[in-house]
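Undergrad:
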Amino acid sequence: MKIIYLLFLVFVGSITASLAQTDTSFLSRASASLANQPPAEKVYLHLDKPAYNFSDTIWYKAYTVVGQRHQLSALSGVLYVELISPNDTLIMRQTLKLTSGVAWGDIPLSATLQQGIYRLRAYTKWMRNAGADYFYDQKIRVGGIAVAPLAIKKQIQQRPDIQFFPEGGELVNGVRSRVAFKAVNGNGLGQDIKGTIEDNDGNIVADLASRHLGMGVFAIIPQSGKTYQAKITGAGEAVYVINLPQAKEEGYMLSVNNSGADSVFVKVSVNNKLLKEKQGTSFYLLAQSAGKIYYSAAATLSMPVFGAGMNKSRFPSGIVQFTLFDNNNRPVAERVVFIAGADSLKLQLAAETKVFQSRQAVKFSVSATDSNQPASGSFSMAVINESAAGVDQASESTILNNLLLTSDLKGNIEQPNYYLNNNLQAKADLDLLMLTQGYRRFDWKRALSDKLMLTAFEPERSLQLEGVLKNKAGQPVPAGKISLISTRDNLVTDTVANNEGMFKFTGLELPDTARLVLRARNGNKRYDVNLYIKQPGYAGVNSSNQQSQVVYNSNTAPAASLVKAGQQYKLLQKQDSVKNGIRLKQVNITASKKEKPNIYNGYGSKAPNFKISGKLLGAGSLSWGMALGLKFVRYRDGKFFESKGDQFHILINNIEVDYSEINGYSPADIEDVQMIPKKEAQYAKIFYNIGDTNEIGGGLILITTKQFAGTAPFTGHSKPKEVILADSGKYLTNDPPSGFMAYAFNGFTQSRSFYTPKYSPATPLPDLRSTIYWNPNVMTDKDGLATIEYLNNDSKGTYRVVIEGIDDNGNLGRRVYRYKVE
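Numbering-wise (the numbering used here), the sequence shown opens with residue 215 and increments by one.
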């Protein structure tokens, strides 16, 4: 061992001494190219628990970060969160507003869901440039179930898929290389295998045996003229053969030893054929993480083996990519390693005792420090009954294993939390994961091409609505004016189309399913134009590549009891719905049925409706003609009021519009005008898109243009139809051209607050929820401190407290705390 170490030091000295003799312009170019690449965003969701039941709610907080230091991102302002079924179909999508990189929400789970493994997926529009492999994509159990080992027994008996991964990328004849492998069964899970490696003459050159989740490694020195194959021993006496990758006649081999506590060692090897051909030429070694170079070296090829050592403290925590370049600046070998640095945030939780009673108040002191200095940041905290929730710590997704590890790897990562255990076995298995699943987010060839990454999707800083105006002939309408109205959200705005007829409304702060009215006209103030509204594009649902069977597991809480707990929780909510309220005795109320008035006859039942023909509106402005012709209506400052002062709603062709829209029409365009008073307007909400009864305010004034004369009462325009415009995607439009469209806008999902009951002696129902407390907005102050208070519920067992988050400098932190409830 001492001889080998001395030789290694000689190699280190050799590469260092040659640096001054080598042209380092490539290193400067590579650094500049890397700096010009667009930053990558990542998303992580902190969930209140790992498994859910029917009629349960998923509570989550989203952290969106950017760059190698995981700063909370200001790049995107919109986040999409999706729930995907076990059959890879979309169940629901939520749109969240990101504020300084964070947002939180909740997903109610229907009682009709089937039990199984579901997926939570989250991404920004900007992340779609990297592809779905780098979205947040987390599996969750629904239905009080767990994956049973026997459920995949049949798949294990089948031949697994086995892949081989030479360290550095390729085998080279005459150079000793480590070859990692991974065996995956039909369920997408690792499967243990064993066998031998033989050459084409039948000689055994290595033994093969997996050591963790189907992964393993062996060493081989391939020889020229030889081929190699693996003979795998299967179930029973079955043996199947798989060919190893063909070794190159000449080439480089890059290996990394990451087992040291403080340093990482890199070795570059070449065979004799390449050494003779390229002796005296340069080669380069670069190490980058998240798009930033942390180590670079240049050397001259004069020996078959070169080595270099570097302190791990120069790298941030996470995946580091080592790349070897030849004298032509081509990447010829690559190796990735995981560096566990000391840059994580230290979180502490302190309570007065470790044993509590049910319904007892709990008070936690939270402390956050970075390098022993107070750290202010954004955190989320969940408290669950671990005895009922069934936590699998090895498979748990955390802010550390997600943002530092799995977010940069493609494919399913089994037991991600296991790899961050601070023991030698876990570290060795983590290096196997690096050798097999590798790092594919960054492409040096593209970076060195001096071309910026093509971004099909720009950062989405706010919600927007865009479209195009066309005339009857299908030609663009330049300089057309478009108005957008959302009466319920007190929004009235307008814009002007460009020379191609395209328009865009940006910065829309609207709730989900907001009800909009769009009105457009051309430069001559005519409304015979068609509105085409571009439909939002979302990422397609990719396959999970895992069809795990799931069955009831006796180690989890019984499904029936959890459903009952949820029902009891909802009853508690009803009991405590009014703060400091008083529960009244039951009161029986009887009433006679009130018949709905006929609002189509023009007069109503008790209060008069009134309709006038367009011919009676005169030749002036439409507003003035209505003021003179409509009875029981007061006209003041361009608006119409009932006798008691309530303001009328204005609807043109059964679409609610702003008052400013009225005089855009000439009385000659109008078929008739009808007034419906407030007393009968409460029924009109059935037919109109104007909100709940108590939001209606005054009555309705219905204006029907001649173009829509004869349409059925209260139906107005036909339902918008979907069309595809060439090279532009899907659009919604109305036919015939009318300059009007009612549109349901997908705005921001409104999040709810986690409900915590206020227990009292008058609350007899047991509260057995597995999630006891959830707080997505824990903020530490300048001293790094925060205080959390809540009540235990009625369930007994071990309570698990998890707090996660990011400080203002991008440092990640997580803390788990447990206590007993007796």
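C-beta atoms are modelled at their ideal positions from N, C-alpha and C, and glycine is treated no differently. Computed from a predicted model, the values in this text were never measured in an experiment.
Please state whether DSSP places Thr669 in a helix, a strand or coil.
TA: The residue you call residue 669 lines up with position 455 of the sequence shown. Thr669: coil per DSSP, three-state reduction.
Undergrad: How big is the Cα-Cα spacing for Thr495 and Phe520?
TA: As a first step, residue 495 must be located in the sequence shown, where it is residue number 281. As a first step, residue 520 must be located in the sequence shown, where it is residue number 306. So the alpha carbons of these two residues sit roughly 14 Å apart.
Undergrad: Are the Cβ atoms of Thr1012 and Asp262 separated by less than 8 Å?
TA: What you label residue 1012 is simply residue 798 of the sequence shown in a count that begins at 1. What you label residue 262 is simply residue 48 of the sequence shown in a count that begins at 1. Result no, Cβ atoms of Thr1012 and Asp262 do not sit closer than 8 Å.
Undergrad: Have a look at the DSSP bridge pairing and note the partners of Ser204.
TA: The question about residue 204 has no answer here: the residues shown for the chain are numbered 215 through 1036.
Undergrad: Could you tell me how far apart the beta carbons of Leu634 and Gly953 are, in whole angstroms, since I believe they sit closer than 8 Å?
TA: The residue you call residue 634 lines up with position 420 of the sequence shown. The residue you call residue 953 lines up with position 739 of the sequence shown. Leu634 to Gly953, Cβ: 60 Å. No contact.
Undergrad: Secondary structure at Pro630, three-state DSSP: helix, strand or coil?
TA: Within the sequence shown, numbered from 1, the residue matching residue 630 stands at position 416. Three-state result, Pro630: helix.
Undergrad: Measuring CB to CB, does Lys487 end up less than 8 Å from Glu464?
TA: Here residue 487 refers to the residue found at position 273 when the sequence shown is read from its first residue. Here residue 464 refers to the residue found at position 250 when the sequence shown is read from its first residue. Taking 8 Å as the Cβ cut-off, Lys487 and Glu464 qualify as a contacting pair.
Undergrad: Give me the Cα-Cα distance between Ser697 and Val871, rounded to the nearest whole angstrom.
TA: Residue numbering aside, residue 697 sits at position 483 when the sequence shown is read from its first letter. Residue numbering aside, residue 871 sits at position 657 when the sequence shown is read from its first letter. C-alpha separation (whole angstroms): 10 Å.
Undergrad: Do the stretch 979-997 and the stretch 591-601 touch if we need at least three Cβ pairs shorter than 8 Å?
TA: yes
Undergrad: Would you call the stretch 528-547 in contact with the stretch 612-624, where contact means no fewer than 3 C-beta pairs closer than 8 Å?
TA: yes
Undergrad: To the nearest whole angstrom, what separates the beta carbons of Phe748 and Glu680, a pair I think is in contact under 8 Å?
TA: Within the sequence shown, the letter at position 534 stands for residue 748. Within the sequence shown, the letter at position 466 stands for residue 680. Checking the displayed sequence, the identity of residue 748 turns out to be Lys instead of Phe. 5 Å between Cβ atoms; contact.
Undergrad: When DSSP builds the beta bridges, which residues end up paired with His260?
TA: As a first step, residue 260 is located in the sequence shown; it is residue number 46 there, counting from the start. DSSP, once it has assigned bridges, lists Lys275 as partnering His260.
Undergrad: In this structure, does DSSP put Pro253 in helix, strand or coil?
TA: As a first step, residue 253 must be located in the sequence shown, where it is residue number 39. It is coil, neither helix nor strand.
Undergrad: Using alpha carbons as the reference points, say which of Leu563, Glu856, Arg966 and Leu722 lies closest to Leu999.
TA: Along the sequence shown, read from residue 1 onward, the residue named residue 999 stands at position 785. Measuring from the Cα of Leu999, the nearest candidate turns out to be Leu563.
Undergrad: So the candidates are Lys560, Asn472, Thr583 and Glu566; which of them puts its Cα closest to the Cα of Phe536?
TA: Translated into positions along the sequence shown, residue 536 becomes position 322. The shortest Cα separation from Phe536 among Lys560, Asn472, Thr583 and Glu566 belongs to Asn472.
Undergrad: Could you check the C-alpha separation between Glu885 and Asn867 for me, to the nearest Å?
TA: Against the sequence shown, residue 885 aligns to sequence position 671. Against the sequence shown, residue 867 aligns to sequence position 653. Rounded to whole angstroms, Glu885 to Asn867 spans 10 Å at the Cα level.
Undergrad: Report the residue ranges of all beta strand (DSSP E) runs contained in full by the stretch 829-899; include only those spanning at least 3 residues, in chain order.
TA: 848-850, 853-855, 863-866, 869-871 and 884-890
Undergrad: Pull up the CB-CB distance for Gly694 and Val743, whole angstroms please, since I reckon it's below 8 Å.
TA: For this step, residue 694 is matched to residue 480 along the sequence shown. For this step, residue 743 is matched to residue 529 along the sequence shown. Sure, about 6 Å apart at Cβ, within 8 Å.
Undergrad: With a cut-off of 8 Å on the beta carbons, I'd call Ile826 and Gly843 a contact; round off their distance for me.
TA: Translated into the one-based positions of the sequence shown, residue 826 becomes position 612. Translated into the one-based positions of the sequence shown, residue 843 becomes position 629. At roughly 4 Å, the Cβ-Cβ gap stays under 8 Å, so Ile826 and Gly843 are in contact.
Undergrad: Secondary structure at Gln587, three-state DSSP: helix, strand or coil?
TA: Along the sequence shown, one-based indexing puts residue 587 at 373. Looking at Gln587 - three-state DSSP - the assignment turns out to be strand.
Undergrad: Which residue or residues does DSSP assign as beta-bridge partners of Ser726?
TA: Taking the sequence shown and counting its residues from 1, one reaches residue 726 at position 512. For the sequence presented, residue 726 should be read as Asp rather than Ser. Paired residue(s): Asn960.
Undergrad: To which residues of the same chain is Asn541 closer than 6 Å at the C-beta, ignoring the five residues directly before and after it?
TA: As a first step, residue 541 must be located in the sequence shown, where it is residue number 327. The residues are Thr495 and Ser496.
Undergrad: For the stretch 308-323 against the stretch 270-283, are there 3 or more C-beta pairs whose distance is under 8 Å?
TA: yes
Undergrad: Leaving aside the five residues before and after Leu798 along the sequence, list all residues of the same chain whose C-beta is less than 6 Å from its C-beta, in chain order.
TA: Taking the sequence shown and counting its residues from 1, the one referred to as residue 798 is at position 584. Any reading at Leu798 must be qualified, since the residue scores a pLDDT of 35, below 50, and its modelled position is unreliable; the value itself is stated next. Same-chain partners within the cutoff: there are none.
Undergrad: Along the chain, where does the beta strand (DSSP E) that runs through Glu680 open and close?
TA: Your numbering for residue 680 matches position 466 in the sequence shown. Note, Glu680: beta strand (DSSP E), Leu677 to Lys684.
Undergrad: In chain order, what residues of the same chain lie with their CB nearer than 6 Å to the CB of Gln800, ignoring the 5 residues before and after it?
TA: Taking the sequence shown and counting its residues from 1, the one referred to as residue 800 is at position 586. Its pLDDT being 39, under 50, Gln800 is placed unreliably in this model, and the value from its coordinates should be taken loosely. Hits under 6 Å: none found.
Undergrad: Given a cut-off of 8 Å, decide if Leu683 and Gly1027 are closer than it, judged by their beta-carbon atoms.
TA: The residue given as residue 1027 occupies position 813 in the sequence shown. The residue given as residue 683 occupies position 469 in the sequence shown. Judged by their CB atoms, Gly1027 and Leu683 are not nearer to each other than the 8 Å cut-off.
Undergrad: By DSSP, does Phe240 sit in helix, in strand, or in coil?
TA: Residue numbering aside, residue 240 sits at position 26 when the sequence shown is read from its first letter. Helix.
Undergrad: In whole angstroms, what is the alpha-carbon distance linking Gln352 and Ala336?
TA: Locating residue 352 in the sequence shown gives position 138, where the first residue counts as 1. Locating residue 336 in the sequence shown gives position 122, where the first residue counts as 1. So the two alpha carbons sit approximately 9 Å from each other.
Undergrad: Measuring CB to CB, does Ser503 end up less than 8 Å from Val992?
TA: Within the sequence shown, numbered from 1, the residue matching residue 503 stands at position 289. Within the sequence shown, numbered from 1, the residue matching residue 992 stands at position 778. No, the Cβ-Cβ distance between Ser503 and Val992 is not below 8 Å.
Undergrad: So, for Thr410: in the same chain, excluding its five sequence neighbours on each side, which residues have a beta-carbon less than 8 Å away from its beta-carbon?
TA: Stepping through the sequence shown from its first residue, residue 410 is reached at position 196. Correct list, in chain order: Ile418, Ala420, Asp421, Leu422, Ala444 and Lys445.
Undergrad: Would you decide whether Pro584 is buried or exposed? Buried here means 16 or more other CB atoms lie within 10 Å of its CB.
TA: As a first step, residue 584 is located in the sequence shown; it is residue number 370 there, counting from the start. The question names Pro, yet the displayed sequence has Asp at residue 584. Asp584 comes out buried.
Undergrad: What residue does the alpha helix (DSSP H) around Leu488 start on, and which one ends it?
TA: For the purposes of this step, residue 488 is taken as the residue at position 274 of the sequence shown. Unbroken alpha helix (DSSP H) run through Leu488: Asn486 to Lys492.
Undergrad: Please list, in chain order, all residues of the same chain as Lys944 whose beta carbon is under 7 Å from its beta carbon, the five residues on each side excluded.
TA: Taking the first residue of the sequence shown as position 1, residue 944 is located at position 730. The residues are Gln749, Glu936 and Ile938.
Undergrad: Using the beta-carbon count (16 or more within 10 Å), is Gly591 buried or exposed?
TA: Here residue 591 refers to the residue found at position 377 when the sequence shown is read from its first residue. Flag for Gly591 reads buried.
Undergrad: Candidates Ser974, Phe824 and Lys972: which alpha carbon is nearest Glu914's?
TA: Within the sequence shown, residue 914 is the residue found at index 700, counting from 1. The sequence shown places Leu at residue 914, not Glu. Per the Cα distances, Phe824.
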